[in-house]
Amino acid sequence: MTAQDRINAYWTGRAPSYDENVRRPDRFAADQRAWSTIWAQALPAVPLDVLDVGTGTGQAAMVLAGLGHRVTGIDLSEGMLAQARRHAAAMANGPVIQHGDAVHPDFPAASFDAVTSRYVMWTLREPETAVANWVRLLRPGGTIAVVDSTWFPNGLDNATANFADHYDSQVQAVLPLATAASIDQTVAVLEQAGLAEVTVTPLTSIFELDRQFGVAPNHDHQMQYLVTGRI
2 MTAQDRINAY
12 WTGRAPSYDE
22 NVRRPDRFAA
32 DQRAWSTIWA
42 QALPAVPLDV
52 LDVGTGTGQA
62 AMVLAGLGHR
72 VTGIDLSEGM
82 LAQARRHAAA
92 MANGPVIQHG
102 DAVHPDFPAA
112 SFDAVTSRYV
122 MWTLREPETA
132 VANWVRLLRP
142 GGTIAVVDST
152 WFPNGLDNAT
162 ANFADHYDSQ
172 VQAVLPLATA
182 ASIDQTVAVL
192 EQAGLAEVTV
202 TPLTSIFELD
212 RQFGVAPNHD
222 HQMQYLVTGR
232 I
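This is the structure we're talking about:
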């Protein structure tokens, strides 16, 4: 198995429990409000063609579609795609969900007004290549907006057994942001791709929801960030 195969297998196995946590009934409505505000502030209000890379179960793609954007979500994990397609089918004007590689998205140049991702940068092989390819997909004035955190600044070796089995040394070797100690390392990737006006916004609303409702199992309570840049 390649490193990416191991990553895909992990997230396919994790997909049902991941989706269940994302849609926790005790905080789902609050999450939807908070993420709608975050993405509305990150992107122009006019309807855009948006590519959501590493869409997972489609949480960001659904919120973006709910804001009126025309959204395509791609992922390599079949388990995640199954969850996302189920949710998209239940939504009027929902996102198009399809199989695709976040590092090498297979679309013509200048196909989108924005490229987004949520919790993807840390698990990207070749993030510099990925962001350069995202830039190629943007139309003039387009935006890249990514959400992530420093999930494993002390290394992945102490993670849960199932996670460590998939994110082994072979996988870790190709994920330069997996153990990032600062969000500045993600910022640097966007800046190296030639993006302008790269800004970092701490997501205090999500931090507070995590404090109020608790974080996902085996996660720490920590700040998440929105990083945006434009061409």
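Each step along the sequence shown adds one to the number in the numbering used here, with nothing skipped, and position 131 is 132. Note that CB positions come from ideal geometry on N, CA and C, so glycine has one too.
query, result
"So, does the stretch 172 to 185 touch the stretch 120 to 130, judging by three or more C-beta pairs under 8 angstroms?", "yes"
"Can you have a look at Asn134 and say buried or exposed, based on whether 16 or more other CB atoms are within 10 angstroms of its CB?", "buried"
"What's the gap between the Cα of Glu21 and the Cα of Leu82?", "14 angstroms"
"Alpha carbon to alpha carbon, what distance is there between Arg7 and Tyr168?", "7 angstroms"
"Would you decide whether Thr200 is buried or exposed? Buried here means 16 or more other CB atoms lie within 10 Å of its CB.", "exposed"
"Contact between the stretch 214 to 231 and the stretch 46 to 55 is defined here as three or more beta-carbon pairs at a separation below 8 angstroms; is this criterion met?", "no"
"Among the residues of its own chain, which have a CB less than 6 angstroms from the CB of Ser118, if the five just before and after it don't count?", "Val54, Gly55 and Val147"
"Should Phe153 and Tyr11 be called a contact, given that it needs their Cβ atoms to be closer than 8 angstroms?", "no"
"Residue range of the beta strand (DSSP E) that Asn99 falls in?", "The sequence shown places Gln at residue 99, not Asn. Its beta strand (DSSP E) spans residues Val97 to His100."
"Please report the distance separating the alpha-carbon of Val188 from that of Gly67.", "28 angstroms"
"Restricting to Cα atoms, I'd like to know which of Ser37, Gly80, Arg28 and Thr144 is closest to Ala194.", "Thr144"
"At the level of alpha carbons, what is the spacing between Leu191 and Arg25?", "32 angstroms"
"Gly215 to Thr180, Cα distance in whole Å?", "23 angstroms"
"Please classify Asp76: is it buried, with 16 or more other beta-carbons within 10 angstroms of its beta-carbon, or exposed?", "buried"
"Relative to the C-alpha of Val238, which residue among Val132, Ile184, Val116 and Thr13 is closest?", "Residue 238 lies beyond the residue range present for the chain, which begins at 2 and ends at 232; the question has no answer from this structure."
"Name the residue from Leu196, Ser112, Ala103 and Ala31 whose alpha carbon lies nearest to the alpha carbon of Met122.", "Ala103"
"Quick one: grab the DSSP three-state call for Val116.", "strand"
"Among Gly69, Ala35, Met2 and Asn9, which has the Cα closest to the Cα of Pro203?", "Ala35"
"Please classify Tyr168: does DSSP put it in a helix, a strand, or coil?", "coil"
"First and last residue of the beta strand (DSSP E) that includes Val72?", "Arg71 to Asp76"
"What number of angstroms, rounded off, separates the C-alpha of Thr151 from the C-alpha of Pro218?", "16 angstroms"
"Below 8 angstroms on the Cβ atoms is my contact criterion, and I expect Gly59 with Gly74 to pass it. Report the Cβ-Cβ distance as a whole number of Å.", "5 angstroms"
"Does the Cβ-Cβ distance between Ala182 and Gln84 come in under 8 angstroms?", "no"
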